[in-house]
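The sequence shown maps to residues 104 to 443 in our numbering.
This report concerns only the one structure given below.
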Amino acid sequence: MKEQLEQLQVEALEEIKVASTQKALNDVRIKYLGKKGPMTEVLRGMGKLSAEERPVVGELANKVRASIQETLEARIEEVKAIELEAKLAAETIDVTLPGRTTFPGNSHLLQQIIDEMEDLFVGLGYTIAEGPEVETDLYNFEMLNLPKDHPARDMQDSFYITDETLLRTHTSPVQARTMLEANGQPIRIICPGKVYRRDEDDATHSHQFMQIEGLVVDESISMADLKGTLEVFVKQLFGESREIRLRPSFFPFTEPSVEVDISCFKCGGKGCNVCKGTGWIEILGGGMVHPHVLEMAGYDSTKMSGFAFGIGVERMAMLKHGVDDIRHFYTNDLRFIEQF
Ligand SMILES: [Zn+2]
104 MKEQLEQLQV
114 EALEEIKVAS
124 TQKALNDVRI
134 KYLGKKGPMT
144 EVLRGMGKLS
154 AEERPVVGEL
164 ANKVRASIQE
174 TLEARIEEVK
184 AIELEAKLAA
194 ETIDVTLPGR
204 TTFPGNSHLL
214 QQIIDEMEDL
224 FVGLGYTIAE
234 GPEVETDLYN
244 FEMLNLPKDH
254 PARDMQDSFY
264 ITDETLLRTH
274 TSPVQARTML
284 EANGQPIRII
294 CPGKVYRRDE
304 DDATHSHQFM
314 QIEGLVVDES
324 ISMADLKGTL
334 EVFVKQLFGE
344 SREIRLRPSF
354 FPFTEPSVEV
364 DISCFKCGGK
374 GCNVCKGTGW
384 IEILGGGMVH
394 PHVLEMAGYD
404 STKMSGFAFG
414 IGVERMAMLK
424 HGVDDIRHFY
434 TNDLRFIEQF
């Protein structure tokens, strides 16, 4: 029996040595120390032994059991440590890998120009007015002194939806709507927004573009107010040293009407490719609100007068940043957009 126990010890310790997982070690424990294991088997046979042999074998059996138990526990600790190390190694993060960059967006150049204009004019006491892009013939044309069959309608080739509705060709219908709502009271507004004309798209034309229009109606408003306002705005957008000049022009809704030029910001007036050698750049149109337009909107044109002006936002952006093709604004090419 002694040999049997010693043999068991040798076998158990050998199996413990080679077991490399906690599960394998647990199997070894059940195999050698479990109720149905060989240890129990041996101890059960002790009844057949003599009185002298019994305590000797009993002592040995306890020693063997304790030895297996201790070795097993020590090996379990070892295996736990190895398993932990392997797990940590598998979950290691390589801090030298490049991170995932997020790209913050920014305002589109056209929006930046609109924001800048809005800031300026709100500072001058204006409010911002908006209106629908699908307009009626009434607001887009008739209220602005462009009755049906007026030849000046040809200046704005239009997208008609029905005979009486169209995509607005300018932001002026917002002016007409605001004047009607004002009910004879003074107005100071700017109206930024998209407008649509049936243009051939090329480097300087697009069938959809953006305008900002301004309108002031009050008692004794004169051309001097218009010129002063435009000077403030031009200096804000193109620099303090810019001059403006007004040239006579024609728009159906203003009388008198003017085209406004600014002194070339590139050559300072000497003449260059931007100003086509003239020293001046045409930048916007405006004038005194036609008395008939005021009357149609419910104003007494003998007491109230006003001025209006309209600017192309794309044209501003092209002039200010030397952009040579209007289509760059709409193609969403990041190489272009990220420059501003
Ligand atoms: Zn120039």
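The beta-carbon is built from N, C-alpha and C at its ideal position, and this holds for glycine as well.
Using a threshold of 8 Å, state whether the C-beta atoms of residue i and residue j are closer than that.
i: residue 324; j: residue 220; result: no
i: residue 321; j: residue 409; result: yes
i: residue 228; j: residue 276; result: no
i: residue 393; j: residue 341; result: no
i: residue 279; j: residue 247; result: yes
i: residue 314; j: residue 335; result: no
i: residue 149; j: residue 160; result: yes
i: residue 164; j: residue 145; result: yes
i: residue 231; j: residue 419; result: no
i: residue 361; j: residue 386; result: no
i: residue 452; j: residue 311; result: No statement about residue 452 is possible, as the shown extent of the chain runs from 104 to 443 and does not include it.
i: residue 97; j: residue 439; result: Nothing about residue 97 can be read from this structure; the chain reaches only from 104 to 443.
i: residue 272; j: residue 300; result: yes
i: residue 287; j: residue 412; result: no
i: residue 274; j: residue 296; result: yes
Give the single residue among the options whose Cα lies nearest to the Cα of residue i.
i: residue 242; options: 362, 254, 268; result: 268
i: residue 116; options: 107, 124, 135; result: 135
i: residue 307; options: 389, 147, 433; result: 433
i: residue 441; options: 420, 208, 166, 129; result: 208
i: residue 384; options: 422, 415, 158; result: 422
i: residue 390; options: 403, 330, 378; result: 330
i: residue 400; options: 284, 263, 152, 415; result: 284
i: residue 177; options: 348, 119, 377; result: 119
i: residue 244; options: 436, 260, 131; result: 260
i: residue 162; options: 109, 386, 237, 352; result: 109
i: residue 180; options: 402, 428, 126; result: 126
i: residue 416; options: 211, 226, 360, 346; result: 211
i: residue 184; options: 172, 203, 312, 123; result: 123
i: residue 131; options: 143, 114, 147; result: 114
i: residue 172; options: 206, 158, 200, 133; result: 133
i: residue 128; options: 152, 151, 138, 174; result: 174
i: residue 238; options: 253, 222, 262; result: 262
i: residue 346; options: 332, 407, 359, 358; result: 332
i: residue 153; options: 104, 111, 439; result: 104
i: residue 112; options: 411, 170, 138, 288; result: 170
i: residue 402; options: 381, 140, 289; result: 289
i: residue 305; options: 157, 141, 138, 430; result: 430
i: residue 344; options: 214, 372, 309; result: 372
i: residue 106; options: 359, 142, 202; result: 142
Look up residue i in the DSSP assignment and say whether it is helix, strand or coil.
i: residue 351; result: strand
i: residue 142; result: helix
i: residue 174; result: helix
i: residue 214; result: helix
i: residue 196; result: coil
i: residue 130; result: helix
i: residue 441; result: coil
i: residue 444; result: Given that the chain is displayed from residue 104 to residue 443, the structure contains no residue 444 and the question cannot be resolved.
i: residue 104; result: coil
i: residue 433; result: coil
i: residue 426; result: coil
i: residue 151; result: helix
i: residue 122; result: coil
i: residue 371; result: coil
i: residue 165; result: helix
i: residue 402; result: coil
Pull up the DSSP beta-bridge partners for residue i, would you.
i: residue 412; result: 317, 389
i: residue 407; result: 322
i: residue 311; result: 299
i: residue 294; result: 316
i: residue 364; result: 348, 385
i: residue 204; result: Beta-bridge pairing links residue 204 to no other residue.
i: residue 357; result: 354, 392
Given 7 Å as the limit, tell me if residue i has its C-beta closer than that to any heavy atom belonging to ligand 3.
i: residue 369; result: Among the ligands modelled here, namely ligand 1, ligand 3 does not occur.
Legend entry - Continuous alpha helix (DSSP H) assignments of at least 4 residues falling wholly in the stretch 223-288: 240-243, 275-285
Legend entry - Minimum length 4: unbroken alpha helix (DSSP H) runs contained in the stretch 317-342: 326-341
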